[in-house]
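Participant: Protein chains in written order, with this note's numbering: chain S, 1 to 510; chain P, 1001 to 1378.
Sharing a structure with you now.
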Amino acid sequence: MSSPVTDTAGAGVVLEAIKISKSYPGVRALSNIDLSLQAGRIHALVGLNGAGKSTLVKILSGVERPDSGELRVRGTHVNFHGPRDAVAAGLVTIHQELSVLPNLSVAENVMLAAIARSEIRPISWTRIRATARSVLARLGSDLDVRLKARDLSVAQQQVVELAKALQGKASAILLDEPTATLPQRDVDILFTVMRRLRSQGTAMVYISHRMEEIYEIADSVSVLRDGHLAGTYAMADLPAGRIVKEMIGTTEVDEAATQVDTGPSQQRTIGEPVLEAARVGDGKTIFDISLTLHRGEMLAVAGLVGSGQGELSKCLFGARKISGGTLRVNGRAIKRLTPRRAIRLGVGLLPADRKYEGLILGMSIRDNTTLANHRRYSRFGILQNRDESRETKRITSELRLKAYSIAQAAGTLSGGNQQKVVVAKWLVAQSRILIFEEPTRGIDVHAKQEIYGLIHDFVARGGSAIVLSSELSEVMMCDRAIVLAKGRVVGELGHEEMISDRNRLLEMFA
Amino acid sequence: MALGQDTRTPKSARRAANDGDTMSVDWRGFARRLGARSYILLLLILVMVIGGMLSPFFFTGRNIQNILVTGSTVSVLAIGQFAVIVTAGIDLSVGAILALGTVVTALLLEHGQSTLVTIVVCLALSAIVGLLNGALVVYARITPFIATLGTMTLLTGVAYIVQSGTQINITDQGFLNAIAGDTFGVSNLILIFLVVTIVSALVAQFTPYGRQLYAIGGNAEAARLSGIAVKRDLLLAYAFSGLMAGLAGVMLAAELQQGSSLVGQGDELTAIAAAVVGGASLFGGTGSPLTSVAGGFVIGIITNIMNLLGIASQPQLITQGLVILIALYLTSGDCPRLVAAIGARIPHRRSAGGPDGAPSDDAPKSAATGPVERLREP
């Protein structure tokens, strides 16, 4: 599609998505999403994890096909059978993991499609370099086109990707979290290039978790929540903080509030400190974090993606090196914490990424359950399979894990049941402190309630839990919340404050 | 939440599902489990039946003994190799360690050392070399393929220098009797291999260490976050592989009555082929010592049959290559998925979606798990 920006159909509308729906077994990822991209506009797409952003990107980039709904490019119905079709229609996606070829030069990367097309003809390198240079100039970049792509910074690589898209006559570009891996000063480079592209009539979708960026660069924004379109707004008439409120949603907040009223937090007694961090940082993403978790307490660490929760949870578990500060477990200062030591001290981590960090998918439920405490089930160095099975059956039925057999591979389970296996693993390991990182990510509503129930039960029995979450309902069910932003603690709220002054919490989030 | 009517459980999942602890009777699951375990045994029986049909000499006691003796060193190598492969590693140096083992054995005996000292020194040396492999992988973070390729070349040179000349003959009858002699009419070589096989099968199945190796191969990061001492376990796995190669060296030295730097060339590949034909995935986490041994015998018996039939060595190589490829295709290739996909399409065609219902753009680890991973985060 090489038609210029001036088009008869739909007054500058480059791409339209109409009532797009997509389901995966057990999860409805998107329902009835409408999206419209105008030439020369930057449209932001925001939402919490699991809101459906990545599914929408996959559909727009031709990786997946919607169950229903249609896509129109300049008013014409299109069917993408693969990423190539999307590119051919002028719709280029720049993924978070860049696709520049590191061993090729800038010129070769920019001109890749053209080079691939001129199969036999001798390649004129002078012409290729000249063209690449002129494409880059359109973006306001004077990058040396003979440099190898691997020697470029991430921001420069992004410019190369954008130039490549421009060279391919892209009329719409999707940028999937381009700033996630970008140092702050390089964000400006990207934004300058994006503004130039905008002035030249390219439509862009901009995905980011950073609100200030969206207010800075976007003309309009669509907010996704739980697979639904929560709303589409022009940035001009949008008060600060509104986007986050839309992302998190009010219905969910009310639901959480009622749930907490019936929650057991009132009856619990909060005991002595069991896990303390004093000015802990990793030197890269989290800085100066101090927190104290008490016996019988549920402590929330609230923060949007990229606020450093993942890194903090790994540091508290010894899976990530800390560069400063001290950690105390049960009052004892621990010098060099490793996961192995943390487990011995009764700490367990439930990673957000259950599939790659929490479970061994090819192994059975039983083998996963007993993995962190083989000692308990071996006699004279021999694993007592019978004991393992009996204990696994007992714990999994207590957790109401649904499976036809404990010999079933963990990879065949649904998200909620997988999380239960991870919980079972730590119960078997006799953990007293559990660190839940985004405990219900990718888990459906019903199973979510069950997981919350498990956390409550664990704490009610004298355990302690840290819940690191970007979901307001999860934060609000805790006794206390620490709010994290850009790797630092920006506030702390008690349970009552969270309920009574919800807006303050929301503002801290943003 | 639907557990998924997956008739397409991948091999890795089937391996896990190997004990009988079903909560309810599930015949499909039972058949699946049986199939995974018995595939290699069926193949072994099939090969033997074919052997019996093609040659009247196949089922003679002499030929069986012959197969077992030849297979004993290969099996020991394959068991060591399996311990590394199950962690998603590979050990290319076992052939060279074996050669060095024969040379060291012959040399020590020539210098009048006792049988016991010879064996202990040779085994210790091999284990140390294996430990070195492990250190290169764990601490220097060199990929197993390259690290062991380096030690392989290095050790071949060392074996050659230590040998300093042509092969060294072994005349120490005590040693020869101890390793290659008979006990109750059965060759000691076969007895050694049987003991090694049984012990390692038990270790793999019933000890924390065995379970941890599978866990590391299945997902090293999750294993680490479960408190498993990944580095220590990997070091031990490579050391064990070296030890087994040294043992195979001692056995082969006794069998050939000589030490030579030229033996063992290509044996690492035979050992890898044995483990993989036996159902071990090079991505780790699957297979077992028993099936690795069985895989070795499938290859060994086919070679034996061709020898009995007087087939020249060139066509033998072609046949061997084809057997390995076909066996691999049946176990770890796309075949099980293909069969499942065809089966799924015949009764009821899916209305929406591409040829494969599950999207497959996930990270490689998940791709290895295959279509079972249906429930994805949106």
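Note that CB positions come from ideal geometry on N, CA and C, so glycine has one too.
1. Count the other CB atoms within 10 Å of the CB of P/F1224; is the residue buried (16 or more) or exposed (fewer)?
2. Could you list the residues in the segment 354-369 of chain S with a C-beta less than 8 Å from some C-beta on chain P, going in chain order?
3. By the DSSP assignment, the beta strand (DSSP E) with P/R1211 in it spans what residues?
4. Could you compute how far the alpha carbon of S/Q184 sits from the alpha carbon of S/Q200?
5. Quick one, which residues of the segment 325-345 of chain S are near chain P if we go by CB-CB under 7 Å, in chain order?
6. Whose C-beta lies closer than 6 Å to the C-beta of S/T95 among residues of the same chain, with five residues either side of it excluded?
7. Would you mind telling me which residues of chain P sit closer than 8 Å to S/P439, beta carbon to beta carbon, in chain order?
8. Is the separation between the beta-carbon of S/V422 and that of S/T396 shorter than 9 Å?
9. Run through chain P and tell me which residues come within less than 8 Å of S/I349, C-beta to C-beta.
10. Between P/N1304 and the rest of its own chain, which residues show a CB-CB distance below 6 Å, the 5 nearest in sequence each way excluded?
11. Given a limit of 8 Å on CB to CB distance, which residues of the segment 1285-1315 of chain P reach chain S?
12. According to the Cβ coordinates, are S/L519 and S/L60 closer than 9 Å?
13. State yes or no: is the C-beta of S/P66 within less than 9 Å of the C-beta of S/L112?
14. Tell me, please, whether the segment 1128-1145 of chain P touches the segment 1160-1171 of chain P by the rule of three or more beta-carbon pairs shorter than 8 Å.
15. I need the boundaries of the beta strand (DSSP E) containing S/V205, first residue and last residue.
16. So P/F1206 contacts chain S; which residues on that side make the cut at Cβ distance below 8 Å?
17. Would you mind sorting P/S1072 into buried or exposed? The rule is 16 or more other CB atoms within 10 Å of its CB.
18. Along chain S, which residues have their Cβ under 8 Å away from the Cβ of P/A1222?
19. When you check each C-beta in the segment 1081-1109 of chain P against every C-beta of chain S, which residues fall closer than 7 Å?
20. Tell me whether P/S1055 counts as near the ligand GTP, meaning its Cβ is closer than 8 Å to at least one heavy atom of that ligand.
21. Show which residues of chain P have a CB atom less than 8 Å away from the CB atom of S/A319.
22. Restricting to Cα atoms, I'd like to know which of S/M247, S/V221, S/H228 and S/E246 is closest to S/M235.
23. Would you verify that the beta carbon of P/R1062 is, or is not, closer than 9 Å to some beta carbon of chain S?
24. Determine whether the Cβ of P/Q1212 lies closer than 9 Å to any Cβ atom of chain S.
25. Can you tell me whether S/S99 is helix, strand or coil according to DSSP?
26. Reducing DSSP to helix, strand and coil, say where P/I1097 ends up.
27. Between S/H374 and chain P, is the shortest Cβ-Cβ distance under 9 Å, so that the two count as touching?
28. Measure the Cβ-Cβ separation of S/V347 and S/L316 and say whether it is below 9 Å.
29. Distance, Cα to Cα, S/S171 vs S/L238?
30. For a test of the three-state rule: what should DSSP assign to S/K420, helix, strand or coil?
31. Measuring alpha carbon to alpha carbon, tell me which of P/P1315, P/N1188, P/T1153 and P/A1253 ends up nearest P/E1268.
32. Would you call the segment 1100-1111 of chain P in contact with the segment 1235-1251 of chain P, where contact means no fewer than 3 C-beta pairs closer than 8 Å?
33. Along the chain, where does the beta strand (DSSP E) that runs through S/D176 open and close?
34. For P/G1227 and P/I1326, what's the separation of their Cα atoms in angstroms?
35. I want to know whether the segment 338-352 of chain S touches the segment 1201-1213 of chain P - three or more CB-CB distances under 8 Å.
36. Give the secondary structure of S/V301 by DSSP, where H, G and I count as helix, E and B as strand, and everything else as coil.
Facilitator: In this structure, then:
1. Before going on, a small fix: residue 1224 of chain P reads as Arg here, not Phe. By the neighbour-count rule (16 or more Cβ atoms within 10 Å), P/R1224 is buried.
2. K355, Y356, E357, G358, L359, I360, L361, G362, M363, S364, R366 and D367
3. Not the beta strand (DSSP E): P/R1211 falls in the alpha helix (DSSP H), residues P1208 to G1218.
4. 25 Å
5. P339, R340 and I343
6. Going by the sequence as given, residue 95 of chain S is His instead of Thr. The residues are D176.
7. Correct list: empty, because the minimum Cβ distance to chain P is about 13 Å.
8. no
9. In the sequence as displayed, the identity of residue 349 of chain S is Leu instead of Ile. L1225, listed in chain order.
10. I1067
11. G1285 and T1286
12. Residue 519 of chain S lies beyond the stretch modelled for chain S, which goes from 1 to 510, so this question has no answer here.
13. no
14. no
15. A203 to I207
16. I382, L383 and N385
17. buried
18. Y356, E357, G358, L359 and I360
19. none
20. In the structure on display, the ligand GTP does not appear, and there are no ligands present to speak of.
21. R1224 and L1225
22. S/V221
23. no
24. yes
25. coil
26. helix
27. yes
28. yes
29. 27 Å
30. helix
31. P/T1153
32. yes
33. A172 to D176
34. 39 Å
35. no
36. strand
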